[in-house]
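Asker:
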Amino acid sequence: MSPARTLATSARVLAQIRHDPRTIGLLLVVPSLLIGLVAWLFADTDVFQQIGPAMLGLFPFIVMFLVTSIATLRERRSGTLERLLTLPIGRLDFILGYALAFALLAIAQAGIAVTFAVLVCGLEIDGSLALLVLVALADAVLGSTLGLLASAFARTEFQVVQFMPAIVFPQVLLGGVLLPRDQMPEVLYAVSDWLPLSHAIDALNAVARDDEDAGFVGAQLLVIVAFAVGSVVLGALTLRRRTP
Amino acid sequence: MAVSSSSAVRIDALVVRRGAATVLDGLDLRIARGGIVGLLGPSGCGKTTLMRAIVGVQRVRSGRVAVLGAPAGTASLRHRVGYVTQSASVYDDLTVRQNLRYFARMLGVPRTDVDRVVDATDLGAHVGALAGNLSGGQRSRVSLAAALLGAPELLVLDEPTVGLDPVLRVELWSLFRRLADSGVTLIVSSHVMDEARRCDRLLLMRDGAMVADATPSALLKKTRTRDIESAFLALIEKAGAR
Numbered sequence: 176m177s178p179a180r181t182l183a184t185s186a187r188v189l190a191q192i193r194h195d196p197r198t199i200g201l202l203l204v205v206p207s208l209l210i211g212l213v214a215w216l217f218a219d220t221d222v223f224q225q226i227g228p229a230m231l232g233l234f235p236f237i238v239m240f241l242v243t244s245i246a247t248l249r250e251r252r253s254g255t256l257e258r259l260l261t262l263p264i265g266r267l268d269f270i271l272g273y274a275l276a277f278a279l280l281a282i283a284q285a286g287i288a289v290t291f292a293v294l295v296c297g298l299e300i301d302g303s304l305a306l307l308v309l310v311a312l313a314d315a316v317l318g319s320t321l322g323l324l325a326s327a328f329a330r331t332e333f334q335v336v337q338f339m340p341a342i343v344f345p346q347v348l349l350g351g352v353l354l355p356r357d358q359m360p361e362v363l364y365a366v367s368d369w370l371p372l373s374h375a376i377d378a379l380n381a382v383a384r385d386d387e388d389a390g391f392v393g394a395q396l397l398v399i400v401a402f403a404v405g406s407v408v409l410g411a412l413t414l415r416r417r418t419p
Numbered sequence: 625m626a627v628s629s630s631s632a633v634r635i636d637a638l639v640v641r642r643g644a645a646t647v648l649d650g651l652d653l654r655i656a657r658g659g660i661v662g663l664l665g666p667s668g669c670g671k672t673t674l675m676r677a678i679v680g681v682q683r684v685r686s687g688r689v690a691v692l693g694a695p696a697g698t699a700s701l702r703h704r705v706g707y708v709t710q711s712a713s714v715y716d717d718l719t720v721r722q723n724l725r726y727f728a729r730m731l732g733v734p735r736t737d738v739d740r741v742v743d744a745t746d747l748g749a750h751v752g753a754l755a756g757n758l759s760g761g762q763r764s765r766v767s768l769a770a771a772l773l774g775a776p777e778l779l780v781l782d783e784p785t786v787g788l789d790p791v792l793r794v795e796l797w798s799l800f801r802r803l804a805d806s807g808v809t810l811i812v813s814s815h816v817m818d819e820a821r822r823c824d825r826l827l828l829m830r831d832g833a834m835v836a837d838a839t840p841s842a843l844l845k846k847t848r849t850r851d852i853e854s855a856f857l858a859l860i861e862k863a864g865a866r
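Sequences listed follow chains Z and D, in order.
When the count follows our numbering, it moves up by one through the first sequence with no breaks and lands on 419 for the last residue.
When the count follows our numbering, it moves up by one through the second sequence with no breaks and lands on 866 for the last residue.
1. Can you tell me whether DSSP reads serine 577 of chain D as helix, strand or coil?
2. Thinking isoleucine 655 of chain D and serine 630 of chain D are a contact (beta carbons under 8 angstroms), I'd like their distance in whole angstroms, please.
3. Suppose contacts are defined by Cβ-Cβ distances below 9 angstroms. Is leucine 803 of chain D in contact with alanine 770 of chain D by that definition?
4. Three or more C-beta pairs under 8 angstroms: does that hold for the stretch 381-400 of chain Z against the stretch 297-311 of chain Z?
5. Using the C-alpha atoms, what's the distance from leucine 409 of chain Z back to leucine 267 of chain Z?
6. Starting from leucine 828 of chain D and walking both ways along the beta strand (DSSP E), at which residues does that stretch end?
7. Check whether the Cβ atoms of valine 316 of chain Z and alanine 394 of chain Z sit closer than 9 angstroms, and answer yes or no.
8. Could you list the residues in the stretch 250-264 of chain Z with a C-beta less than 9 angstroms from some C-beta on chain B, going in chain order?
9. Could you give the DSSP three-state label for threonine 413 of chain Z: helix, strand or coil?
10. Between the Cα of valine 705 of chain D and those of D:Ser841, D:Ala677, D:Ala753, D:His815, spot the shortest distance and give me the residue it belongs to.
11. Would a C-beta distance cut-off of 9 angstroms place proline 206 of chain Z and proline 235 of chain Z closer than the cut-off?
12. Between which two residues does the alpha helix (DSSP H) containing valine 204 of chain Z stretch?
13. I'd like to know if methionine 730 of chain D contacts chain Z, where contact means its C-beta is closer than 9 angstroms to some C-beta of that chain.
14. Just how far apart, CA to CA, sit arginine 417 of chain Z and isoleucine 199 of chain Z?
15. Let's test the definition: count the other Cβ atoms within 10 Å of the Cβ of serine 628 of chain D and tell me whether it reaches 16, buried, or not, exposed.
16. Leaving out five residues before and five after leucine 324 of chain Z in sequence, what residues of the same chain have Cβ atoms less than 6 angstroms from its Cβ?
17. To which residues does DSSP link glycine 584 of chain D through a beta bridge?
18. From Z:Ala218, Z:Leu321, Z:Gln284, Z:Ala283, pick the residue whose C-alpha is nearest to that of alanine 246 of chain Z; which is it?
19. Taking isoleucine 226 of chain Z as part of the alpha helix (DSSP H), name the residues at either end of that continuous run.
20. What's the C-alpha gap between isoleucine 237 of chain Z and phenylalanine 344 of chain Z?
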């Protein structure tokens, strides 16, 4: 492992994105627009106050998953990954470089989404706003690390896009947005406990309602980080220097 | 180790399968240090697979590949071997300079090395351009420039002159010659037969096996032909008649 190569890779990924302003715009603005749409949809009810915090986890998670998985797949397809693997860069340097670059973007994205939800959409947050941003950020990073891992198993753009319904949608369905998790059938509740997005949504709800102690939120954050770290390590392990 | 360090590449009984097809079936090859080795043959004959095996990115079934005295793909070789893939492997959404600086940082070579390889590949006018906006020939030169970073001892170049105009092609071959004269070993694949004359040694490949291994002049003499293309055809006819 080499911090210099990891950072150089992050800088390179960010430089690539800088040449693509439309992607930056989509990345930063789309989650906020979707949150605004949900707020508008439920304007005359109190539903947005119920599910708004979860939206702060949901949309950045999905957007980051897609962007990261396609970005790394492009690297594979363009032959630059094969070149890199003949150079003295560690596999973990490569994956971490990507994760770090997208984490930086996620900071901006989470900050904008939380600001927009609170100031424009009137989402009421009883707990700490900083903690809310932190959970939203961890969740966006989780999305991008899962995207990194998913792209390791995809050979084509078609496959990678289909990982979204396969990996992301079940987490959305069981995450507690459609139905609070404690009202689910027992088996599904048990399954949802093993899905990282459930913990992100639990943490966001807890901060928004301020009905749990800091230890609870910390524990959820720990689960999210553990999944993110696990994805990075697994992503590096599945990266093969030799291919058929 | 002292003995094997005299050869750039040493391959023993290499078998590579891709899917159901056996691409290389028990290939043996020795390549001495210094000079230009031309790897010729029709597309699909196994040139790229052989080069990938030398660079250490090809999964092999059996056999041994030693490069500069170490097993191919060893970490210590990653500073010493340069590889140019057939299609240019550069970042289209970065400028030429950004591409080369990134690869230079991966190798841990100074920034000034970027200017050197830009000059060597005549890319000075394009350093600020996005690689994706360059012509095919210019992009492949960026790819080549990246492989020249850090002065590798072995260069494996998979069709580096495809899509280049004749003037540039001549310039690149004189660059290859200068590198070879300075002690670098170059393995260059091509299916442009007139480039073969510029090599010190020719390997003609067909269906995963070597059908000839000689200097260009010896090859012409042996087949009693005037150009490499006819020589190649004569050899294939001979092999078919057997």
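Each residue gets a CB set at the ideal place from its N, CA and C atoms; glycine is no exception.
Answerer: On the basis of the coordinates in this document:
1. An answer regarding residue 577 of chain D cannot be provided, because it is not within the stretch 625 to 866 covered by chain D.
2. Isoleucine 655 of chain D to serine 630 of chain D, Cβ: 11 angstroms. No contact.
3. Going by beta carbons, leucine 803 of chain D and alanine 770 of chain D fall outside the 9 angstroms limit.
4. With the rule of 3 Cβ pairs closer than 8 angstroms, the stretch 381-400 of chain Z counts as touching the stretch 297-311 of chain Z.
5. If I take the Cα positions, the gap works out to 10 angstroms.
6. Residues 825-830.
7. Between valine 316 of chain Z and alanine 394 of chain Z, the C-beta spacing is not below 9 angstroms.
8. No chain B is present in this structure, whose protein chains are Z and D.
9. The answer is helix: DSSP assigns threonine 413 of chain Z an H, G or I state.
10. Out of D:Ser841, D:Ala677, D:Ala753, D:His815, D:Ala677 has the C-alpha closest to the C-alpha of valine 705 of chain D.
11. Cβ atoms of proline 206 of chain Z and proline 235 of chain Z: closer than 9 angstroms.
12. Under the DSSP assignment, valine 204 of chain Z falls in the alpha helix (DSSP H) whose first and last residues are 196-216.
13. Yes - at least one Cβ of chain Z is within 9 angstroms of the one on methionine 730 of chain D.
14. The C-alpha of isoleucine 199 of chain Z is placed about 33 angstroms away from the C-alpha of arginine 417 of chain Z.
15. With a pLDDT of only 44 at serine 628 of chain D, under 50, the local geometry of the prediction cannot be trusted, and no value is derived from it.
16. Cβ neighbours of leucine 324 of chain Z beyond the five flanking positions: Ser406, Leu409, Gly410.
17. Because chain D is modelled from 625 through 866, residue 584 of chain D falls outside the range shown and cannot be assessed.
18. Looking at the Cα atoms, Z:Leu321 is the closest of the given residues.
19. Here the alpha helix (DSSP H) through isoleucine 226 of chain Z covers 222-252.
20. Roughly 9 angstroms separates the two Cα atoms.
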